[in-house]
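Laid out in structure tokens, this is it:
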């Protein structure tokens with residue numbers, strides 16, 4: 193069986209760091225900061241957009257590729273962080289989704305902004 | 193062929209939102225904010241740790257599960273964001289890694305904190 | 193002459209840290225993470241709000257005080273960070289505003305979202 | 193009595209926005225994103241530094257001015273945000289510090305990283 197795309201990406205990001213001898217900088221603490229820095233760049237792309245403009249951002253020939261590139265950066269650091277911590281990213285997300293499903297039952301949560309705003313976002 | 197784990201997770205997160213009628217809140221702009229909020233919670237777990245403590249965080253019976261749960265939240269919002277934008281997360285990361293490989297050649301970048309610090313992080 | 197309100201706040205935050213022997217945790221790196229964590233909590237308050245709801249947030253008896261408290265936290269860490277670095281916060285902002293004034297002349301920048309979005313935000 | 197430095201800065205930032213007709217973009221939601229984006233740039237300056245390097249950052253002829261400029265940006269958006277919300281930044285911080293003083297008594301909190309890590313940062 194061939195490795196999953198996410199396993200391949202993880203190995204590739206690790207090799208990238210090892211070849212450049214960058215493991216010394218890649219503590220979980222530093223990688224979390226780098227992840228946050230990239231998310232900050234993503235925020236900057238969306239900050240002045242209306243909700244409607246943000247929904248159409250991928251049709252913009254200039255903004256679309258920039259958003260995609262920032263998301264690529266975010267994923268690279270998230271993958272590198274989980275590899276360093278020994279966490280399975282997909283499993284961690286699925287486990288959290290299990291928990292959120294118990295916490296936000298369909299009936300109680302339907303269409304409720306107040307619910308979301310008050311109790312904190314769906315998956316937190 | 194069965195769907196990849198990441199495709200399954202994407203479908204599951206989407207169903208979670210649709211069942212609760214939360215698509216109305218899930219503009220790319222709002223989801224980017226939610227992603228950033230979760231990354232902020234992850235930062236909070238690491239902020240007072242030494243580099244060494246951060247490297248050992250998963251052995252801590254209290255901090256380890258918390259870090260894993262926060263990473264699950266980050267992934268859920270990242271997946272939901274890319275699903276909303278129609279971006280393939282793995283492809284976006286691989287493309288960015290191609291670009292980073294051209295930009296940070298192994299010889300020039302090896303072990304150089306200055307290089308990283310100045311030119312900005314490996315993958316940005 | 194009595195100290196300015198900002199000088200008083202700086203001294204008070206410093207005393208708070210010293211009394212608890214927390215200077216050891218307050219490296220600029222750690223304080224920047226703490227600042228970012230608090231800004232993440234502020235983002236979480238706004239993430240699902242429409243632009244109109246966000247403009248009226250202070251009239252909400254529940255959200256208003258929460259937003260004010262988060263902003264208080266952000267300011268505390270920003271003050272502590274600048275105190276640690278020996279930076280005058282007001283001067284740093286004024287200098288940056290001087291630079292922004294030269295960069296975004298009134299005529300070129302008036303009412304232009306594209307200008308802001310493309311060249312990055314007013315003050316960056 | 194002359195206005196305080198912080199009142200002068202607030203007025204100046206407001207005039208800067210008004211002259212460029214940028215109030216339309218300056219909802220509290222958007223300004224919070226812009227604030228977070230600037231904090232992300234600040235994180236990026238510190239992410240690969242050791243604790244010691246971060247403590248000496250202002251002596252670095254290249255990094256020092258960059259850190260100061262990023263902090264200036266953070267303050268500009270924080271000031272603009274509070275002006276838009278009608279919040280007194282200094283008062284909000286002082287009130288939060290009052291609360292933190294009750295929560296983290298000197299005796300219980302002294303020198304305790306665990307205390308800080310567990311209960312969340314001093315001022316949150």
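Protein chains in written order, with my numbering: chain A, 193 to 316; chain B, 193 to 316; chain C, 193 to 316; chain D, 193 to 316.
Just so you know, even glycine gets a beta-carbon here, dropped at the ideal spot from N, CA and C.
Note that the structure is predicted; figures quoted are calculated from it, not measured.
So what's residue i in DSSP terms, helix, strand or just coil?
i: residue 287 of chain A; result: helix
i: residue 223 of chain C; result: helix
i: residue 304 of chain A; result: coil
i: residue 195 of chain D; result: coil
i: residue 212 of chain C; result: coil
i: residue 233 of chain C; result: helix
i: residue 254 of chain A; result: coil
i: residue 269 of chain D; result: helix
i: residue 248 of chain B; result: coil
i: residue 297 of chain D; result: coil
i: residue 279 of chain D; result: coil
i: residue 201 of chain A; result: helix
i: residue 242 of chain B; result: coil
Would you say residue i lies against chain D (beta-carbon separation less than 7 Å)?
i: residue 225 of chain A; result: yes
i: residue 216 of chain A; result: no
i: residue 245 of chain A; result: no
i: residue 220 of chain C; result: yes
i: residue 258 of chain C; result: no
i: residue 196 of chain C; result: yes
i: residue 287 of chain C; result: yes
i: residue 296 of chain B; result: no
To the nearest angstrom, report how far apart residue i and residue j are at their CA atoms.
i: residue 282 of chain C; j: residue 267 of chain D; result: 8 Å
i: residue 313 of chain B; j: residue 236 of chain D; result: Model confidence at residue 313 of chain B stands at a pLDDT of 42, short of 50, so the residue's coordinates are unreliable and nothing is read from them.
i: residue 250 of chain A; j: residue 205 of chain A; result: 26 Å
i: residue 253 of chain A; j: residue 247 of chain A; result: 14 Å
i: residue 289 of chain C; j: residue 277 of chain B; result: 35 Å
i: residue 234 of chain C; j: residue 273 of chain B; result: 20 Å
i: residue 195 of chain B; j: residue 195 of chain A; result: 13 Å
i: residue 225 of chain B; j: residue 202 of chain C; result: 30 Å
i: residue 231 of chain D; j: residue 262 of chain C; result: 15 Å
i: residue 257 of chain D; j: residue 264 of chain D; result: 10 Å
i: residue 210 of chain A; j: residue 255 of chain A; result: 32 Å
i: residue 293 of chain D; j: residue 302 of chain D; result: 12 Å
i: residue 199 of chain B; j: residue 297 of chain A; result: 23 Å
i: residue 270 of chain C; j: residue 227 of chain C; result: 6 Å
i: residue 279 of chain C; j: residue 219 of chain C; result: 14 Å
i: residue 238 of chain D; j: residue 300 of chain A; result: 43 Å
i: residue 215 of chain B; j: residue 275 of chain B; result: 12 Å
i: residue 245 of chain C; j: residue 221 of chain D; result: 9 Å
i: residue 315 of chain A; j: residue 197 of chain B; result: Because the pLDDT of residue 315 of chain A is 37, which lies under 50, any placement of that residue in the model is unreliable, and the number read from its coordinates should be weighed accordingly. If you take the alpha carbons of residue 315 of chain A and residue 197 of chain B, they lie about 19 Å apart.
i: residue 286 of chain D; j: residue 260 of chain C; result: 11 Å
i: residue 229 of chain D; j: residue 223 of chain D; result: 10 Å
i: residue 295 of chain D; j: residue 208 of chain C; result: 12 Å
Of all Cβ atoms in chain B, is any one closer than 7 Å to the Cβ of residue i?
i: residue 264 of chain C; result: no
Is there a C-beta anywhere in chain C that falls below 7 Å from the one on residue i?
i: residue 255 of chain D; result: no
i: residue 302 of chain A; result: no
i: residue 235 of chain B; result: yes
i: residue 248 of chain D; result: no
i: residue 160 of chain D; result: This structure cannot settle anything about residue 160 of chain D, because the visible part of chain D is limited to 193 through 316.
From the beta carbon of residue i, is the nearest beta carbon of chain A less than 7 Å away?
i: residue 270 of chain D; result: no
i: residue 232 of chain D; result: yes
i: residue 228 of chain D; result: yes
i: residue 311 of chain D; result: Residue confidence for residue 311 of chain D is low, a pLDDT of 45 falling below 50, so the modelled location carries little weight and cannot support an answer.
Point to revise | Residues of the region 200-214 of chain D with Cβ closer than 9 Å to any Cβ of chain G, in chain order | key: Reference to chain G is not applicable here, since the protein chains of this structure are A, B, C and D.
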